[in-house]
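With the numbering used here, the residue at position 32 of the sequence shown is 187, and numbering never jumps.
Glycine included, every Cβ here is placed at the ideal spot set by N, Cα and C.
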Amino acid sequence: MQNVVMISFETEAANGLRELADRLSRVEAGANAHYEIGLATLTDERKKSLRDDLALNLTASKTALYSISLPDADPATVHEAMTSARDDKLDQRCYSRVLPLPHHPSPVLYVGSSRDLWQRLMEHLGYGPKKTYSLHLRHWAADLGRVRIDVRFYAPSTEKTVLCALEDHLAAKLVPLFGRRGSV
156 MQNVVMISFE TEAANGLREL ADRLSRVEAG ANAHYEIGLA TLTDERKKSL
206 RDDLALNLTA SKTALYSISL PDADPATVHE AMTSARDDKL DQRCYSRVLP
256 LPHHPSPVLY VGSSRDLWQR LMEHLGYGPK KTYSLHLRHW AADLGRVRID
306 VRFYAPSTEK TVLCALEDHL AAKLVPLFGR RGSV
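This is the structure:
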């Protein structure tokens, strides 16, 4: 570390976290929403109507915190299927990071935040570019029931660091099977 006085470094970090906590306490969340769809229905022909449906049902804001789960599927089976898709580079796609399977796994696959919610959800559903890291669900999970997306909307002016802190907190509560933690 370059010329950083380590004694004051920790104090600065603590002060920064207190300031972030103060900004978090002033955030006003908008509406909550959820959306469900059968994974087997995620076909090429469905792409446009699905995006229109997401835009119609998740309209509060494009800035949001979200979680994606497969409530009908066994988490260990889901973990194994995604791990296989990622390791085999199924369809040459870039899949989200596979986290270690927890002792008591939940059906939550992923927690994220986005300033372009509909686009990000389309990527996770499997309609995005191959090189974008996401779940790409339609390419490996068609036989795993339905996908549930839970959303909490925020004002577009919400700071990136605040949105990241909220995402990290939700991920700590829900313990998703995939994704990365601490992204800014």
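Test item: CB-CB of residue i and residue j under 8 Å
i, j, result
"residue 178", "residue 330", "no"
"residue 183", "residue 310", "yes"
Close-in-space but distant-in-sequence residues of the same chain around residue i (CB under 8 Å, 5 per side omitted)
i, result
"residue 246", "285, 291 and 294"
"residue 206", "273, 277 and 282"
"residue 185", "215, 216, 307, 308, 309 and 310"
Spatial distance of residue i from residue j (CA atoms)
i, j, result
"residue 312", "residue 288", "25 Å"
"residue 164", "residue 323", "23 Å"
"residue 187", "residue 259", "27 Å"
"residue 243", "residue 255", "18 Å"
"residue 333", "residue 170", "31 Å"
"residue 305", "residue 224", "8 Å"
"residue 194", "residue 303", "10 Å"
"residue 314", "residue 181", "12 Å"
"residue 202", "residue 208", "10 Å"
"residue 192", "residue 172", "39 Å"
"residue 275", "residue 232", "24 Å"
Cutoff 7 Å; reference residue i; Cβ partners in own chain excluding five residues on either side
i, result
"residue 320", "175 and 179"
"residue 241", "250 and 253"
"residue 248", "285, 291 and 294"
"residue 325", "220, 222 and 266"
Sequence-distant residues of the same chain with beta carbon closer than 6 Å to residue i, five excluded per side
i, result
"residue 257", "330"
"residue 204", "none"
"residue 212", "190"
"residue 228", "299 and 300"
Rounded Cβ spacing between residue i and residue j (contact assumed at less than 8 Å)
i, j, result
"residue 226", "residue 261", "Actually they are not in contact, since the Cβ atoms of residue 226 and residue 261 sit about 10 Å apart, beyond 8 Å."
Checklist entry - For the stretch 206–219 against the stretch 267–280, are there 3 or more C-beta pairs whose distance is under 8 Å? => result Contact annotation: the stretch 206–219 touches the stretch 267–280, with at least three C-beta pairs closer than 8 Å.
Checklist entry - Counting Cβ pairs closer than 8 Å, one from the stretch 181–201 and one from the stretch 253–265, do we hit at least three? => result no
Item to check | Three CB pairs or more closer than 8 Å across the stretch 227–236 and the stretch 299–319 | outcome: yes
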